[in-house]
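>
In the numbering used here, the protein residues as written are 115 to 411.
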């Protein structure tokens, strides 16, 4: 995630000429994101939306200095598209596409590890650093520059809670959706470590859900390390029975420790502030700020 500390994020868009690629590229450009290249394998065009178009990612990186890729490619073609980006000099991949076959994701992850490239997603809304850059599909108008770092499994929940924060006249240092598929690239723990280092983040807000062990990895890390920044968490899925899928493919309880009750208990045990009702979020944030007198959110 070190690339996010850099001043210049130069974005390449894979699948730029598709419907979603077009709509969201326009939105990102309006926000001020520096989209320097697009990739199209089928359409033989030189420019699209005023952006240079290439058939090869390696050539696009060489010509434009792109260091981040956002992927809108259909699920069946994602494996090859992402692997091409990995071996072409891209440092961070943001995969919007949902429903990539699990075997394909496992292959992708092995290549990511081999080349020390990071990926947010799949099935992610992307990330936004308010007032600076947006690489994703989130609604720009609900964010405001501030010092609360938001990391979420769910895209729409991250929008809801970011909007709550903005309506309090506070703001976000960054908002990242890690993705809702069963297997993802960067997980909660890696984002929390990044936010702990980030000088612009004063409070960490983690939005999790039932199923999986991503929150448990954070708990183990917090128990072993002294985390200076206050962390608030909100877990969804309180009433969901075992083996029932809600929303994402990854939101399914298979083990007792993946239930809402166990996740809340474990998060609380390591010093994380647990919010059990969405209507309590604003008061919890205000109480946390009051205990941090030097926090300018």
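Glycine included, each C-beta is placed from N, C-alpha and C at the ideal position.
Only a predicted model underlies this, so the values are computations on that prediction, with no experimental measurement involved.
Within 10 angstroms of the Cβ of residue 224, are there 16 or more other Cβ atoms? Answer buried if so, exposed if not.
Exposed.
> Tell me the DSSP secondary structure of residue 176 in three-state form.
Residue 176 falls in the helix class under three-state DSSP.
> On the premise that residue 266 lies in contact with residue 321, defined as a C-beta separation below 8 angstroms, what is that separation, rounded to the nearest angstrom?
Confirmed, Cβ separation roughly 4 angstroms.
> Here's the rule: buried if 16 or more other CB atoms are within 10 angstroms of the residue's CB, otherwise exposed. What is residue 217?
It counts as exposed.
> For residue 185, which of 309, 126, 269 and 268 has the nearest alpha-carbon?
The shortest Cα separation from residue 185 among 309, 126, 269 and 268 belongs to 126.
> Suppose contacts are defined by Cβ-Cβ distances below 8 angstroms. Is residue 182 in contact with residue 288 by that definition?
No, these two residues do not count as a Cβ contact at 8 angstroms.
> Using a Cβ-Cβ cutoff of less than 7 angstroms, which residues in the same chain neighbour residue 187 once the five nearest sequence positions on both sides are dropped?
Here the set comprises 128, 129, 195 and 211.
> Taking contact to mean 3 or more Cβ pairs, one atom from each stretch, closer than 8 angstroms, check whether the region 370–377 and the region 321–338 are in contact.
Yes: at least three Cβ pairs fall under 8 angstroms.
> If you draw a straight line from the C-alpha of residue 292 to the C-alpha of residue 161, how long is it?
Roughly 31 angstroms between the two C-alpha positions.
> Buried or exposed: which applies to residue 486, given that a residue is buried once 16 or more other Cβ atoms fall within 10 Å of its Cβ?
Summary: the structure shown does not reach residue 486, with the chain confined to residues 115 through 411, and so no result is reported for it.
> Grouping DSSP H, G and I as helix and E and B as strand, with all else coil, what is residue 134?
Residue 134: helix per DSSP, three-state reduction.
> Does the region 306–322 come into contact with the region 246–264, if we say contact requires no fewer than three beta-carbon pairs (one atom in each stretch) closer than 8 angstroms?
Because the criterion of three Cβ pairs below 8 angstroms is met, the region 306–322 and the region 246–264 touch.
> Is the region 273–283 touching the region 220–236, taking contact as three or more C-beta pairs under 8 angstroms?
The region 273–283 vs the region 220–236: no contact.
> Determine the contact status of residue 150 and residue 180, defining contact as a CB-CB distance below 8 angstroms.
Yes. Within cutoff.
> Where in the region 123–171 do unbroken runs of the beta strand (DSSP E), each at least 3 residues long, occur, reported from the N-terminal end onward?
Counting whole runs of 3 or more residues, the region 123–171 contains the beta strand (DSSP E) stretches 124–128, 148–153 and 165–168.
> What three-state label does DSSP hand residue 232 in the structure shown?
Of the three classes helix, strand and coil, the one that applies to residue 232 here is strand, per DSSP.
> Rounding to the nearest angstrom, what Cα-Cα distance links residue 157 and residue 240 in this structure?
If I take the Cα positions, the gap works out to 26 angstroms.
> Around the Cβ of residue 403, are there at least 16 other Cβ atoms within 10 angstroms (buried) or fewer (exposed)?
Looking at its Cβ environment, which holds 16 or more other Cβ atoms inside 10 Å, residue 403 is buried.
> For residue 331 and residue 203, what's the separation of their Cα atoms in angstroms?
Going by the C-alpha atoms only, they are around 30 angstroms apart.
> Measure how close the beta-carbons of residue 189 and residue 213 come, nearest whole angstrom, since I'm counting them as under 8 angstroms.
Confirmed, about 5 angstroms.
> By the three-class DSSP mapping on this structure, what secondary structure does residue 348 have?
Correct three-state label for residue 348: strand.
> Using C-beta distances below 6 angstroms, list every residue in its chain close to residue 206, excluding the 5 sequence neighbours before and after it, in chain order.
The answer, listed in chain order, is 117, 182 and 232.
> Provide the residue(s) that pair with residue 183 in DSSP beta bridges, ordered along the chain.
According to DSSP, which records beta bridges pairwise, residue 183 is partnered with 126 and 207.
> So what's residue 116 in DSSP terms, helix, strand or just coil?
Looking at residue 116 - three-state DSSP - the assignment turns out to be helix.
> Is residue 142 near residue 258, with beta carbons less than 8 angstroms apart?
No, the Cβ-Cβ distance between residue 142 and residue 258 is not below 8 angstroms.
> Our contact map puts residue 328 next to residue 302 with C-beta atoms below 8 angstroms; I'd like the distance itself, whole angstroms only.
5 angstroms between Cβ atoms; contact.
> Taking only three categories from DSSP, how would you classify residue 387?
Strand, per DSSP.
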